[in-house]
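Quick notes on the structure that follows.
Protein chains: 2
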Amino acid sequence: MATPQIRSAVRVANRLPTERLAGALLNSPSFDHERHALRGLRRASTISENKNGRKKERVVILGSGWAGYGFARSLDPNKFERILISPRSYFVFTPLLAGTAVGTLEFRAVLEPVRRLGLDYFYQGWADDIDFARKTIRVEANISDDLASRTRLAMNRHPDGAGKGSMFDVEYDKLVIAVGSYSQTFGIEGVREHANFLRDIGDARKIRMKVLQSFEKASLPITTDEERKKLLHFAIVGGGPTGIEYAAELHDLVRDDLKKTYPSLMKFVSITVYDVAPKVLPMFDKKLADYAMDRFKREGIEVKTEHHLTRIRPDEDCEGCLKLKIKEYGDEEVGAGIVVWSTGLMQNPLVQKLEDKTFQMPSSSNSEMRLQRDAKTGGIVTDANLRVHMVPRAATTPGSLPDQGIKAAAAPLPDVYGIGDCTVISGLGLPATAQVASQQATHLAKRLNGGDVDAKPFRFRNWGTMTYLGSWTAIHQSSADELTGWMAWVLWRTAYLTRSMSIRNKLTVPYYWAISWIFGRDISRF
Amino acid sequence: MATPQIRSAVRVANRLPTERLAGALLNSPSFDHERHALRGLRRASTISENKNGRKKERVVILGSGWAGYGFARSLDPNKFERILISPRSYFVFTPLLAGTAVGTLEFRAVLEPVRRLGLDYFYQGWADDIDFARKTIRVEANISDDLASRTRLAMNRHPDGAGKGSMFDVEYDKLVIAVGSYSQTFGIEGVREHANFLRDIGDARKIRMKVLQSFEKASLPITTDEERKKLLHFAIVGGGPTGIEYAAELHDLVRDDLKKTYPSLMKFVSITVYDVAPKVLPMFDKKLADYAMDRFKREGIEVKTEHHLTRIRPDEDCEGCLKLKIKEYGDEEVGAGIVVWSTGLMQNPLVQKLEDKTFQMPSSSNSEMRLQRDAKTGGIVTDANLRVHMVPRAATTPGSLPDQGIKAAAAPLPDVYGIGDCTVISGLGLPATAQVASQQATHLAKRLNGGDVDAKPFRFRNWGTMTYLGSWTAIHQSSADELTGWMAWVLWRTAYLTRSMSIRNKLTVPYYWAISWIFGRDISRF
Chain A
177 MATPQIRSAV RVANRLPTER LAGALLNSPS FDHERHALRG LRRASTISEN
227 KNGRKKERVV ILGSGWAGYG FARSLDPNKF ERILISPRSY FVFTPLLAGT
277 AVGTLEFRAV LEPVRRLGLD YFYQGWADDI DFARKTIRVE ANISDDLASR
327 TRLAMNRHPD GAGKGSMFDV EYDKLVIAVG SYSQTFGIEG VREHANFLRD
377 IGDARKIRMK VLQSFEKASL PITTDEERKK LLHFAIVGGG PTGIEYAAEL
427 HDLVRDDLKK TYPSLMKFVS ITVYDVAPKV LPMFDKKLAD YAMDRFKREG
477 IEVKTEHHLT RIRPDEDCEG CLKLKIKEYG DEEVGAGIVV WSTGLMQNPL
527 VQKLEDKTFQ MPSSSNSEMR LQRDAKTGGI VTDANLRVHM VPRAATTPGS
577 LPDQGIKAAA APLPDVYGIG DCTVISGLGL PATAQVASQQ ATHLAKRLNG
627 GDVDAKPFRF RNWGTMTYLG SWTAIHQSSA DELTGWMAWV LWRTAYLTRS
677 MSIRNKLTVP YYWAISWIFG RDISRF
Chain B
177 MATPQIRSAV RVANRLPTER LAGALLNSPS FDHERHALRG LRRASTISEN
227 KNGRKKERVV ILGSGWAGYG FARSLDPNKF ERILISPRSY FVFTPLLAGT
277 AVGTLEFRAV LEPVRRLGLD YFYQGWADDI DFARKTIRVE ANISDDLASR
327 TRLAMNRHPD GAGKGSMFDV EYDKLVIAVG SYSQTFGIEG VREHANFLRD
377 IGDARKIRMK VLQSFEKASL PITTDEERKK LLHFAIVGGG PTGIEYAAEL
427 HDLVRDDLKK TYPSLMKFVS ITVYDVAPKV LPMFDKKLAD YAMDRFKREG
477 IEVKTEHHLT RIRPDEDCEG CLKLKIKEYG DEEVGAGIVV WSTGLMQNPL
527 VQKLEDKTFQ MPSSSNSEMR LQRDAKTGGI VTDANLRVHM VPRAATTPGS
577 LPDQGIKAAA APLPDVYGIG DCTVISGLGL PATAQVASQQ ATHLAKRLNG
627 GDVDAKPFRF RNWGTMTYLG SWTAIHQSSA DELTGWMAWV LWRTAYLTRS
677 MSIRNKLTVP YYWAISWIFG RDISRF
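Protein sequence lines, in the order shown, are assigned to chains A and B. Every position in the first sequence, counted from 1, becomes a number in our numbering once 176 is added. Every position in the second sequence, counted from 1, becomes a number in our numbering once 176 is added.
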C-alpha cells in the first residue's frame, strides 16, 4: 500500500543522518548482530548504568493495555525492577471510550498515564524484535504522541511500514508479552484510508470531530439537502459490543444535544449498523440480543445484518462524504459522513515476526525452536500458567508431526510470559476481551509476587458481559444473572469505575456524567 | 513562502471541480461582480430563505473572541436577528490558556461553544471581503477544526495564502467587525515554522505535547546529557503578561509534577524569557515589575532583557531540538526544546484588505471613500460610539490634507461598527486587551438594544491588570490599589471566572484547580 511508503519516506527525510543510516540498516525484520553492534556502544553504557547495583530481578513488560498496564500496577516493586515498554504513554479505559467519542466524558478522564505508576523505567516505543537466547529486546523509540502516530498504530503498522525511529536494546530477566492486537480490515478497499477505528483515544477524538464537523458542514447555506442526507448518515460496521455501544451513544448525543443545536438538520440524520453475521451481539442470549434490537428499532437506529461492505471511497460530488459499496445493493452506493469500523482483531506485527523466527536456547540441547502459534487466531500459545510455549522447529513444519505430537513437544520458554489479546491459553477457548486480559494480568503478577508461578494455573471467572444501549439502559449477562433496562445501566456505569482507575478519574468520570446530565454533552469541537 | 503554496495545492486538489474553479477565480483579493455571480444562484436562494418573514434587523458579527462573542451574548435576540461568522466554533477564555498548556486545566474548560449562544445562525468561516455599498459579506467556509486550521490562523493566514474553501455571501443590516489580530513575527526567520504561539486552544495543546514529549525524549537511554540540556531548555520570547504567565505556569509544572515523574532529569531543565525591551511587564509600575523579577530569580527562571532573537532553526544533531540565534551572542546559537512566542500583534489580513479598498456609498454623493486607518497600529479607526470611520479617498492620499483635514473629513460608515483588537478609537489610546474588547462589546450591545448607539459614547473603566507569577502568587495593579502575593493570586483566580463563562465552566474550572492541587497536574500526553 502507498500511504506508509510515503509516510516512511517523509519520516526518513526528517531524520538525522546517523539515524537514517541506522534506520536503513535495521529495516529488515531479522536480528543481525553486526547491526546490533552499530548502536552497541551507546546501548551497553546506558543499559549497564540502569543495572548498576540492582539486586532485584528485572521484569520487562511489553504493552500498556489491560494486560500490560494491569500487570505492571500489580507487580511488587520491592521484589522486582519494573520496566514497561509501550508506544503509548498511557492506559486507555476502553469501556468508556465510546462515551468520550460523543462528549459525555472528557478524553483525559479515561486515560491513566503510565508514568504515574512510578515504574523503574518507562520507555516509549515499539518492541521491534526479541532475542530470546540473549534475553534482549530491540526497541524503536516513539516520542510523538500526536494523532498521526496513533493512527499509525490503529492502522496496523507493519514492520516494513512507516520509517523507523531510533533504536536501542533493553535486557530482561523475565519478560511479559502483552502487546495486544490491531483492528482487522480484511483487506477491504478504502477501510484503512477512510474508515475510523475506535480503539485508542486518538480514534475517539477523530470520530468526535468528524461527527460534529459533518453537522457544521451540513448547516452551511451552500450545502444542499442531498449533501446533508449523506453527511448526516453515520455508518457503523460491526455489530459487536463496541459498534452497538457507539451507535447508542451517538444516538443519545443527537437526540439529547445536537437536536437543540441543529433543530433544522434532524430530518437528515440517520444511523446504521452493518454486520455480515445473521445476528448482532453474538455473545448474548437471543433474548437479550432481541431486546437490544427492539430498543434500536424504537430509537430509529437501523441494524442491517448479513450485509457485506466491499469498498469505501470519498464522494467527489460531496466534500466530506464517503461512498459505501455494499454487496447486497449491487452497484448503487450508500452515502455517509463517517464509517466507524469495529469488526474483528488481527495479530500485532511483532507477534507475526516472533512466530516466524527460529531460535536456539542455550539450555535446550541445540535443536532449533519456534514459538507455538495458535492455528485459529495466530496468537502466541501459552500454558495455563501463562508461560509462552516453544516447540521444536521440526514439529511445526507441515505434516511432520500430528497435533498430538506438537502438544507433546511443546515446552515453556524460560522466563517469557504472555497475556492478553496477543496470546491463547492452550486448551481454553477464552475470548480476546478486557476482562480476560485484566484477570490474566492480576493472576500473573500475584503468582510472580508469590513466587509460585509454575504451581498455580490461571482460572477465568466470568464477570459477565454488558453492553450500553443508549437512553440510560444496557443489557448484562453472566452465568449468574440476566439484567436488562435501568438496573443494568446503573451496574454498567458503576461496575467498571471501581477497577483499574486512579482516584483522580474515579472522581472525574462521575463529575462529567453529572455535568453532561445537567448541562448536556460537551459540543465544543476540540 | 512555500508552505501555504503546497497546502493550497493539496487543498485545491482535494476540492470538487466546481469549487476548484470557483477557488481559482475567487483567488484575487478584489471583489468582482462577475465572479460574485458565479455562486449567485445558490447564494440568492439560501440567503432569501434565511430572510423569509423576518421582521427583525439582522446584525452580523465577525469574530468569536472577547469582542465578537461578548457582543453576541449581550445583544437582545428579541430585537435583532443575530448571525455570527467566525473560523472558530468557540470562544477561548484566554486568561486561563496558559493554565491549560501545563495541564492545570482541561482544554475544554476554557472553551465556550458559539453554538450554545442559540444564535439565529452561526457560519464557520473567514470573512473574506465586505461590500459596504451592497451590505454583503463574502465568507470562505471553514469546516475543519483540527490543529492545522488553527495553526493556519495563528500563523497569520494571508488572503493569498492557503487555498480557499467554498464561498458564499451573507447580507447584513448592521455589521460588527470584531475579527481581532494575529501574532506579530516581525518577519524573523523560522518563527512561523518552529516557534509556538499561545493565542488559541490548539496552540496550548501543541505546547503542552511538545514540552511533555521533550521530557520523554530526554528520558530515553540513547539520549545524551548534552541533548537533554537542549531538549529541556524552554525559551519564551516576549516579556508581556502572556509570556511571563506561561513561564510561571511551566515552572510550577516542572517543580510540582514533573520533578516526581522525571527526578533524574531535573538538573537539565532551564527556563528563559527573552525580551528586546530593557524591562519586562511594561504595563506595571517598576515596583511590581521588580517584585516579579525577584520571584523569578528565586525560582531560577532566567529573564534576559535587551536580547534580540534573529533566527530559529532545527538542530540537525538533536532530533526535536531548536537552535536560537541571538544578536547579543554573535555566532554561537542557543539550544532549546521549544520556543514560545508571545510578542506583539499584527492586523488581520481582512483588515488590511478593507483598508486598501475604495468604495462608493449610495448616499454620500459619489465621491470615493476609504476606511480610516490608524497610522500607528494599522487598525480600523472608529469614533467614541464605536462606529467605523470612512474618509474621502483624496484625504488619504499622502500630503493631500493635513491630519486635521482628515479628521474633519472623517464620517461614520452607516451601520458598520468595530470593536476589539482590530480597531482604534480615534483620540483614546486604549491597549489591545481582552478587558477593552469585552467592555466595548457590552457597551455596543447595550446601546443597540437601547437604540441610543449614536447618543452615548464608550467610556473605558480600568479594572486593573493582573499577572500570575507561579507558586500561587500574582501581581495586580489598578488605579485604585496595588496588590502582590497571595491576595493577588486569589483575586486573579476568582476575578475572571465570574465574567463571560458558562455555569458549566464556572463549575469545571474550580473542579480542575482542586483536582490539580490535590493530585497534581494532568501529565497524560493527550
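Cβ coordinates follow ideal geometry from the N, Cα and C atoms, glycine included. Since the model is a prediction, treat every value here as computed from it, not as a measurement.
Residue from the options whose Cα sits closest to the Cα of residue i
i       : options                               : result
Y358(A) : D307(A), D597(A), L589(A) and L238(A) : D597(A)
L500(A) : H370(A), Q300(A), M642(A) and D345(A) : H370(A)
N561(A) : Y505(A), F247(A) and K632(A)          : K632(A)
A380(A) : S602(A), T670(A) and E282(A)          : E282(A)
H409(A) : L457(A), G476(A) and L293(A)          : G476(A)
W689(A) : E365(A), P490(A) and E425(A)          : E425(A)
G506(A) : E495(A), H484(A) and M442(A)          : H484(A)
S692(A) : R310(B), I691(B), F695(B) and L683(B) : L683(B)
A394(A) : T558(A), G626(A), D307(A) and A512(A) : A512(A)
T481(B) : I420(B), A664(B) and I488(B)          : I420(B)
R487(A) : C494(A), D493(A) and L498(A)          : L498(A)
Chain A contact for residue i (CB, 8 Å cutoff)
i       : result
G496(B) : yes
S224(B) : Confidence in S224(B) is poor, its pLDDT being 35 and thus under 50, which makes the residue's placement too unreliable to answer from.
Q616(B) : no
R701(B) : yes
Y644(B) : no
Y348(B) : no
P633(B) : no
K473(B) : no
L683(B) : yes
L287(B) : yes
R431(B) : no
T437(B) : yes
R563(B) : no
A324(B) : Its pLDDT being 35, under 50, A324(B) is placed unreliably by the model, and the measurement read from it follows with that caveat. Cβ-Cβ to chain A under 8 Å: no for A324(B).
R549(B) : no
Chain B within 8 Å of residue i, Cβ atoms only
i       : result
D698(A) : yes
I691(A) : yes
Y299(A) : yes
E482(A) : no
S265(A) : yes
Y687(A) : yes
E392(A) : yes
E282(A) : yes
Sub-8 Å separation of residue i and residue j beta-carbons
i       : j       : result
F298(B) : V290(B) : yes
G244(A) : L251(A) : no
D428(B) : V278(B) : yes
V516(B) : I383(B) : yes
R546(B) : R569(B) : yes
G301(A) : E316(A) : yes
L441(A) : V592(A) : no
Q653(A) : R637(A) : no
L606(A) : Q360(A) : no
V346(A) : I319(A) : no
Rounded distance between the beta-carbons of residue j and residue i, thought under 8 Å
i       : j       : result
G555(B) : V600(B) : 4 Å
T519(B) : G414(B) : 4 Å
M566(A) : A587(A) : 6 Å
L703(B) : V355(B) : Because residue 703(B) is not part of the residues shown, which for chain B are 177 to 702, the question remains open.
A465(B) : K455(B) : 6 Å
E257(A) : D296(A) : 5 Å
Contact set between residue i and chain C, taken where Cβ atoms lie within less than 8 Å
i       : result
F695(A) : Of the protein chains in the structure, A and B, none is chain C.
Could you give the uninterrupted runs of the alpha helix (DSSP H) lying entirely in the stretch 423–485 of chain B, keeping only those of 4 residues or more?
462–475
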